């Protein structure tokens, strides 16, 4: 239970803050869910090649994520620290969405690969320029231990609506007679929608003026502080392990559906079940986090996901309903980390402020954003290598080795990764009482009484 009254951010402000992720996450989830399969089965790019391009984008993220985090912390304009980044990223992000799904019809071979590689690079660069300042701003909206869970909970609900929309259009994309033509029209709508929502948020939002000019003086010291922070190190490890398993499952769901379960065209249905369940579960997780504690419920969800991953390994041809049930339960459990995780990260930023006197939301959330994208990149690269080595043939029955590889990377290995994540999470100790003490020390330091 709370130990002191908390400030409460108006719901209208949270909705304005959350609105851009509706369009951005619709586009991002389609990239995560389907770009690999679209590239191999529709564009006919080799699995290892597209896997390498996506991994290369994650290497590039090692430069752009820290840069966006530190620079947005240091940005000092009349618009604030974060909103200038919204304005700068909106059009490039919309353009990259169109490029990804609408390569010129006369391109093939090396030229097509170069086009898709450039589109991937632009997409993830623009996404970083928006996402890092945006999620950092979420940590600034509220300083309350539980109210910030509400902030990120509402944001996650809006993200889930965007992901549901992605799952819905994916059903039509998978079944389209002309998938390239359908993807072209879809990309124009998604790109424009994402751009408009980002610009509207930049216009309507207001930032805390007391945080201006309090970013880390040096990028190297800022990220040294992220890694030196014991609470941050644990969350980075937990997040990487969870996202590595989740990223493998997300990228392999189309292959699992078509080739293992033999339920072609059902990818969107499985995703719709998982994302819909996550969306509906979020109010319950917000309530339980206040009643039971953020740390305890996240640990519980990790255990449950490990079990669900293990169960999925034993599914086979025709197991549509068991897969849908597992996907739905997984969505419920995944909703916990998506709400509680960012809230705990914001608590860790407060602990850093108590130690350094600086507000480095950008640097901290950039590190976590990079971990998330790196995990997804490693997963997709491993999948591409596995499909190539085991002799994957697009749009044809697969060998036993390929089916075992899909099954293992989508279930058994993610289950093991979640067990390791739980072991790390058992060491996390920044609970509500420790956060109250960290806020007290940070406020004293700001007042000149360290």
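Residue numbers (the numbering used here): 2 to 451.
We treat Cβ as the ideally placed atom computed from N, Cα and C, and that holds for glycine.
Just so we're clear, the structure is a prediction, and the values are computed from it rather than from any experiment.
Backbone secondary structure at residue i - three-state DSSP
{"i": "residue 29", "result": "helix"}
{"i": "residue 391", "result": "coil"}
{"i": "residue 12", "result": "helix"}
{"i": "residue 78", "result": "strand"}
{"i": "residue 5", "result": "The predicted model places residue 5 with a pLDDT of 49, which falls under 50 and marks its position as unreliable; any figure quoted below should be read in that light. Here residue 5 sits in coil by DSSP."}
{"i": "residue 176", "result": "helix"}
{"i": "residue 360", "result": "coil"}
{"i": "residue 118", "result": "helix"}
{"i": "residue 409", "result": "helix"}
{"i": "residue 1", "result": "Residue numbering for the chain in the displayed model covers 2 to 451; residue 1 lies beyond these limits and cannot be assessed."}
{"i": "residue 48", "result": "helix"}
{"i": "residue 370", "result": "helix"}
{"i": "residue 145", "result": "coil"}
{"i": "residue 445", "result": "helix"}
{"i": "residue 348", "result": "helix"}
{"i": "residue 108", "result": "coil"}
{"i": "residue 1", "result": "Outside the displayed range of the chain (2 to 451) lies residue 1, so it cannot be described from this structure."}
{"i": "residue 398", "result": "coil"}
{"i": "residue 20", "result": "coil"}
{"i": "residue 37", "result": "helix"}
Under 8 Å between C-beta atoms of residue i and residue j
{"i": "residue 333", "j": "residue 278", "result": "yes"}
{"i": "residue 251", "j": "residue 34", "result": "yes"}
{"i": "residue 129", "j": "residue 62", "result": "yes"}
{"i": "residue 344", "j": "residue 295", "result": "yes"}
{"i": "residue 157", "j": "residue 15", "result": "no"}
{"i": "residue 363", "j": "residue 137", "result": "yes"}
{"i": "residue 261", "j": "residue 404", "result": "yes"}
{"i": "residue 104", "j": "residue 117", "result": "yes"}
{"i": "residue 377", "j": "residue 276", "result": "no"}
{"i": "residue 257", "j": "residue 407", "result": "yes"}
{"i": "residue 150", "j": "residue 19", "result": "no"}
{"i": "residue 348", "j": "residue 280", "result": "no"}
{"i": "residue 26", "j": "residue 164", "result": "yes"}
{"i": "residue 36", "j": "residue 101", "result": "yes"}
{"i": "residue 230", "j": "residue 353", "result": "yes"}
{"i": "residue 243", "j": "residue 106", "result": "no"}
{"i": "residue 199", "j": "residue 40", "result": "no"}
{"i": "residue 351", "j": "residue 435", "result": "no"}
{"i": "residue 154", "j": "residue 287", "result": "yes"}
{"i": "residue 439", "j": "residue 237", "result": "no"}
{"i": "residue 111", "j": "residue 46", "result": "no"}
{"i": "residue 187", "j": "residue 170", "result": "yes"}
{"i": "residue 206", "j": "residue 17", "result": "yes"}
{"i": "residue 253", "j": "residue 44", "result": "no"}
{"i": "residue 235", "j": "residue 428", "result": "yes"}
{"i": "residue 72", "j": "residue 97", "result": "no"}
{"i": "residue 314", "j": "residue 412", "result": "yes"}
{"i": "residue 32", "j": "residue 159", "result": "no"}
{"i": "residue 70", "j": "residue 191", "result": "no"}
Interface flag, residue i vs chain B, CB-CB below 8 Å
{"i": "residue 9", "result": "Absent from the structure is chain B; it holds one protein chain and no more."}
Host alpha helix (DSSP H) of residue i (start-end)
{"i": "residue 90", "result": "84-102"}
{"i": "residue 422", "result": "414-426"}
Cβ-Cβ separation, residue j to residue i (assumed contact under 8 Å), whole Å
{"i": "residue 94", "j": "residue 127", "result": "4 Å"}
{"i": "residue 318", "j": "residue 263", "result": "4 Å"}
{"i": "residue 389", "j": "residue 48", "result": "5 Å"}
{"i": "residue 125", "j": "residue 68", "result": "That pair is no contact at about 13 Å."}
{"i": "residue 87", "j": "residue 11", "result": "Incorrect: roughly 20 Å between the Cβ atoms, too far for contact."}
{"i": "residue 387", "j": "residue 299", "result": "Between residue 299 and residue 387 the Cβ distance is about 30 Å, and since that is not below 8 Å, they are no contact."}
{"i": "residue 141", "j": "residue 224", "result": "In fact, because the Cβ distance is near 19 Å, the residues do not count as touching under 8 Å."}
{"i": "residue 245", "j": "residue 379", "result": "6 Å"}
{"i": "residue 270", "j": "residue 162", "result": "Their Cβ separation, rounded to whole angstroms, is 17 Å, which puts residue 270 and residue 162 out of contact at 8 Å."}
{"i": "residue 175", "j": "residue 83", "result": "Between residue 83 and residue 175 the Cβ distance is about 37 Å, and since that is not below 8 Å, they are no contact."}
Quiz item: Can you give, in chain order, each stretch of the alpha helix (DSSP H) that sits fully within the stretch 266-344 and has at least 4 residues?
Solution: 268-292 and 295-313
Quiz prompt | Secondary structure, alpha helix (DSSP H): runs of 4+ residues fully inside the stretch 197-266 | solution = 220-229 and 231-256
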